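Chemist: Residues 56 to 195 in the working numbering are what the sequence shown spells out, letter by letter. Below: one structure in structure tokens.
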Amino acid sequence: PDVAANSTRDDLRCVDALFQLQVLAGDWKVYKAGPGDERHYLADRDRPAEIEHLTRERDASCSEDPETLASQKRRAGDLFQSMSPDCLEAREKLRNLQRPTAKSAPSDIEKQQAWIAKRCPDVQREGLWLADWRYVQHVH
Numbered sequence: 056p057d058v059a060a061n062s063t064r065d066d067l068r069c070v071d072a073l074f075q076l077q078v079l080a081g082d083w084k085v086y087k088a089g090p091g092d093e094r095h096y097l098a099d100r101d102r103p104a105e106i107e108h109l110t111r112e113r114d115a116s117c118s119e120d121p122e123t124l125a126s127q128k129r130r131a132g133d134l135f136q137s138m139s140p141d142c143l144e145a146r147e148k149l150r151n152l153q154r155p156t157a158k159s160a161p162s163d164i165e166k167q168q169a170w171i172a173k174r175c176p177d178v179q180r181e182g183l184w185l186a187d188w189r190y191v192q193h194v195h
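Here it is in structure tokens:
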């Protein structure tokens, strides 16, 4: 087995586990995206087991090197930010500005693109738990 490939795979698994643990720590429903717009929600009763599973995944795949671990945590934070309501809303606004019928000023489109480029890293992932920001549970 290729050591570099294994280390890259572990690195991604670590970042994904850290990201999902951050998602599962929130007061919102979480889901995995299915085909089309389908969403598969995690039942509240299954949440502790999923957190335990992801904690084991994190412990097995994250680096013990402080500098590498800091990078993994930063990238998990970037992923979380990229999936935040602010970024989802910003991308939606950009799509609306870019519609041919919108007659938007090029400067408005450029401003929106710059805001997104600065704050919303474009990270594509599949098979991860995502936060459904619209449905905050308010669990007490």
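Don't be surprised by glycine CBs; every beta carbon is placed ideally from N, CA and C. Being a predicted model, the structure only gives us computed values, none of them experimental.
1) How far does the beta strand (DSSP E) with R94 in it extend, from its first residue to its last?
2) Go ahead and label R111 buried or exposed: buried means 16 or more other beta carbons lie within 10 angstroms of its beta carbon, across all protein chains shown.
3) Taking the beta carbon of R129 as the centre, do at least 16 other beta carbons fall within 10 Å, making it buried, or is it exposed?
4) DSSP three-state label for K84, please.
5) Taking only three categories from DSSP, how would you classify L185?
6) Helix or strand or just coil, what does DSSP make of E165?
7) So the alpha helix (DSSP H) R150 belongs to, where does it begin and stop?
Modeler: Per the coordinate set shown:
1) Looking up residue 94 in the sequence shown gives position 39. Where R94 is concerned, the enclosing beta strand (DSSP E) starts and stops at 94-96.
2) Within the sequence shown, numbered from 1, the residue matching residue 111 stands at position 56. It is exposed - the Cβ of R111 has fewer than 16 other Cβ atoms within 10 Å.
3) Within the sequence shown, the letter at position 74 stands for residue 129. Exposed, by the Cβ-count rule.
4) By 1-based counting over the sequence shown, the position of residue 84 is 29. Strand, per DSSP.
5) Locating residue 185 in the sequence shown gives position 130, where the first residue counts as 1. Correct three-state label for L185: strand.
6) Within the sequence shown, residue 165 is the residue found at index 110, counting from 1. In the structure shown, E165 sits in a helix (DSSP, three-state: H, G or I).
7) Taking the first residue of the sequence shown as 1, we reach residue 150 at position 95. Taken as a continuous stretch (DSSP letters only), the alpha helix (DSSP H) holding R150 covers 140-153.
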